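Protein chains: 2
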Amino acid sequence: MGEPRPERADARRNRLRVLEAAERLFTERGVKNVSLDAIAAEAGVGKGTVFRRFGDRAGLAVALLDEREQELQAKIISGPPPLGPGAPPVVRVLAFLDAYLDLLDRHVALFMDSENASDGARYRIGSYHLWHRHLSHLIEATRPELDADYTAHVLLAPLAADLHNALREQGYNLTRMKAGLQATATSLLSGVHKDR
Amino acid sequence: MGEPRPERADARRNRLRVLEAAERLFTERGVKNVSLDAIAAEAGVGKGTVFRRFGDRAGLAVALLDEREQELQAKIISGPPPLGPGAPPVVRVLAFLDAYLDLLDRHVALFMDSENASDGARYRIGSYHLWHRHLSHLIEATRPELDADYTAHVLLAPLAADLHNALREQGYNLTRMKAGLQATATSLLSGVHKDR
DNA sequence: TCATAAGACGGACTGTAGTCCGCTAAAGAC
DNA sequence: GTCTTTAGCGGACTACAGTCCGTCTTATGA
Numbered sequence: 083m084g085e086p087r088p089e090r091a092d093a094r095r096n097r098l099r100v101l102e103a104a105e106r107l108f109t110e111r112g113v114k115n116v117s118l119d120a121i122a123a124e125a126g127v128g129k130g131t132v133f134r135r136f137g138d139r140a141g142l143a144v145a146l147l148d149e150r151e152q153e154l155q156a157k158i159i160s161g162p163p164p165l166g167p168g169a170p171p172v173v174r175v176l177a178f179l180d181a182y183l184d185l186l187d188r189h190v191a192l193f194m195d196s197e198n199a200s201d202g203a204r205y206r207i208g209s210y211h212l213w214h215r216h217l218s219h220l221i222e223a224t225r226p227e228l229d230a231d232y233t234a235h236v237l238l239a240p241l242a243a244d245l246h247n248a249l250r251e252q253g254y255n256l257t258r259m260k261a262g263l264q265a266t267a268t269s270l271l272s273g274v275h276k277d278r
Numbered sequence: 083m084g085e086p087r088p089e090r091a092d093a094r095r096n097r098l099r100v101l102e103a104a105e106r107l108f109t110e111r112g113v114k115n116v117s118l119d120a121i122a123a124e125a126g127v128g129k130g131t132v133f134r135r136f137g138d139r140a141g142l143a144v145a146l147l148d149e150r151e152q153e154l155q156a157k158i159i160s161g162p163p164p165l166g167p168g169a170p171p172v173v174r175v176l177a178f179l180d181a182y183l184d185l186l187d188r189h190v191a192l193f194m195d196s197e198n199a200s201d202g203a204r205y206r207i208g209s210y211h212l213w214h215r216h217l218s219h220l221i222e223a224t225r226p227e228l229d230a231d232y233t234a235h236v237l238l239a240p241l242a243a244d245l246h247n248a249l250r251e252q253g254y255n256l257t258r259m260k261a262g263l264q265a266t267a268t269s270l271l272s273g274v275h276k277d278r
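Just so you know, the sequences run in chain order A and B. Position one of the first sequence corresponds to residue 83 (the working numbering), numbered consecutively onward. Position one of the second sequence corresponds to residue 83 (the working numbering), numbered consecutively onward.
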């Protein structure tokens, strides 16, 4: 690995400008109605700058979500139970699903962008890996006879932004989704029927 | 509902030409490397024609998948068990997941296109609804205390093409995915641990 | 067979994502 | 302060998705 040279002053300035401009335009006009040209213009930089730094539309969305996701990551790694360490695995899984759904619901449009990369960006970015590792460990601890790695992907799959959005559009509310997901996760992890 | 006028001769001719051209180019160059201009040219029709008929890229992919999906649909509706009626619900669910994964694996690129619509095309198209209704009924029959509608979506989520593709790329093989999915579905539906 | 209307055709046009590369400015050495 | 290196800059450029609308084809029925 090479030395990670410090970020140059102009680079930092422009990075912040772009993020700020993107956030402003996204909330003003809605994520879908903002072109990267517009963001570049609003930020007062050239389009090339936006692309060099963020790669593509998805990369920009990821960067904007980063802060929010890091909050959740921190709570999981070192926060209080049930999200953080200390609670029983199943409880932690349920807490995570709940918290993630909240996050997702607040930023659906942005998540959709971040997952809509030409090719599965979602599964390459850091936070997905963290969520996956987290669930994988908890599953391993609860049902060691399962393929924890795969099962973690299965548990994350219903958190896809496009599904969430589609369900929203067909009238689902957050409460129902949370309840449904909790029920299936419980069932999956405890392997025991739960009376209603 | 209005009378569904018969398809005009030129329309039919062009529809077939486009589908044929698309299939040829997709297999020749790979789905990602074919533009709709190219398909129109290859089919000897104008670009407008392609779009009028199929709406967008996703629509074309859906049309190409249609035949294959209908095969599976037929087997489910009126074929022999365990896919068709007659087998116990849980068995039918497992059979469906297995068959769908086979289908998906054979046509990942096309499925990715069909699901990559700007906005969740996947959840609007007819076949998704059929799979969903099917699973929903089977779940209802097995675990009536669950929210069958939502749980069906959860079971379908891991069949997303982009996840399948990502797992493939990180070394998963079809057998492992099938086994994992069967295990989670069993666990979810029977609510009973299963020794390996 | 011809008139007519419903509908399809197709290519020019628009807007956007993403690339490229000659130019500029920052940072460190002296 | 000046020189040199190196990263960053930005806008012209390419290619593609998707729209629009004037023109042409088909089906119909008299």
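Where is the CB? At the ideal position from N, CA and C, for every residue including glycine. Quick caveat, the model's predicted, so the values are computed rather than measured.
- Across the stretch 240–252 of chain A, CB contacts with chain B closer than 7 angstroms involve Pro240, Ala242, Asp244, Leu245, Asn247, Ala248 and Leu249, in sequence order along the chain.
- Taking the Cβ atoms as the reference, Ala177/B lies roughly 4 angstroms from Pro164/B, within the contact range of under 8 angstroms.
- Counting C-beta atoms within 10 angstroms of its own C-beta, Asp92/A has fewer than 16 neighbours from the protein chains shown and is therefore classed as exposed.
- With its beta carbon at least 8 angstroms from every one in chain A, Arg174/B lies outside the interface.
- Within the same chain, Cβ atoms closer than 7 angstroms to the Cβ of Glu105/B are found at Leu146, the five residues on either side in sequence being excluded.
- Leu185/A is positioned such that its CB atom lies no closer than 8 angstroms to that of Leu263/A.
- Leu220/A: member of the alpha helix (DSSP H) spanning Gly208 to Thr224, first to last residue.
- In terms of Cβ geometry, Pro171/A and Ala120/A do not form a close pair [threshold 8 angstroms].
- Taking a beta-carbon distance threshold of 8 angstroms, Gly128/A does not count as an interface residue toward chain B.
- The alpha carbon of His235/A has as its nearest neighbour, out of Ala242/B, Pro88/B and Ser117/B, the alpha carbon of Ala242/B.
- Using a 10 angstroms sphere on the CB of Pro167/A, the tally of other CB atoms stays under 16, which defines it as exposed.
- For Ser269/A, the nearest beta carbon of chain B is closer than 8 angstroms to its own beta carbon.
- For the stretch 225–237 of chain B, the beta-carbon criterion of a distance under 8 angstroms to any beta-carbon of chain A is satisfied by Arg225, Glu227, Leu228, Asp229, Tyr232, Thr233, His235 and Val236.
- Between Leu238/A and Trp213/A a beta carbon distance of about 6 angstroms is seen, short of the 8 angstroms cut, so the two are scored as contacting.
- For Thr266/A, the nearest beta carbon of chain B is closer than 8 angstroms to its own beta carbon.
- At a C-beta separation below 7 angstroms, Tyr182/B has no neighbours in chain A, since its nearest C-beta there lies roughly 14 angstroms away.
- The alpha carbon of Leu245/B has as its nearest neighbour, out of Gly112/B, Gly128/B, Leu270/B and Asn198/B, the alpha carbon of Asn198/B.
- The beta-carbon of Leu118/A is placed no less than 8 angstroms from the nearest beta-carbon of chain B.
- The alpha-carbon of Gly141/A is positioned some 40 angstroms away from that of Leu220/B.
- In terms of CA proximity to Leu217/A, Val175/A leads the group Val132/A, Ala103/A, Val175/A and Ser160/A.
- Contact check for Glu124/B against Leu107/B passes: the beta carbons are separated by less than 8 angstroms.
- The alpha carbon of Arg111/B has as its nearest neighbour, out of Ala191/B, Leu270/B, Arg99/B and Ser269/B, the alpha carbon of Ala191/B.
- Judged by their CB atoms, Ser196/B and Gln155/B are not nearer to each other than the 8 angstroms cut-off.
- Arg90/B: not part of any alpha helix (DSSP H); DSSP gives it neither H nor E.
- Cβ atoms of His189/B and Arg150/B come within 8 angstroms of each other, at about 7 angstroms.
- Ala156/B carries a helical assignment under DSSP once its states are collapsed to helix, strand and coil.
- Counting only the Cα atoms, Asp138/B lies some 16 angstroms from Asn96/B.
- Gly262/B has a beta carbon lying within less than 8 angstroms of a beta carbon in chain A.
- Minimum Cα-Cα distance from Arg258/A among the listed residues Thr233/B, Lys157/B, Phe136/B and Asp187/B corresponds to Thr233/B.
- Residue environment analysis places Thr109/A among the exposed positions, since fewer than 16 neighbouring C-beta atoms fall within 10 angstroms of its C-beta.
- Assignment of Pro240/A by DSSP, reduced to helix, strand and coil, places it in the helix class.
- For Arg258/B, the neighbours in chain A by C-beta distance under 8 angstroms run, in chain order, Asp229 and Tyr232.
- Within the DSSP secondary-structure output, Ala169/A pairs in a beta bridge with Pro167/A.
- When the alpha-carbon of Ala265/B is set against those of Asn115/A, Arg94/A, Lys157/A and Ala230/A, the nearest one is in Ala230/A.
- For the options Gln152/B, Thr131/B, Gly128/B and Glu102/B, the alpha carbon positioned closest to that of Ile207/B is the one of Gln152/B.
- Less than 8 angstroms divides the Cβ of Ala122/B from the Cβ of Val132/B.
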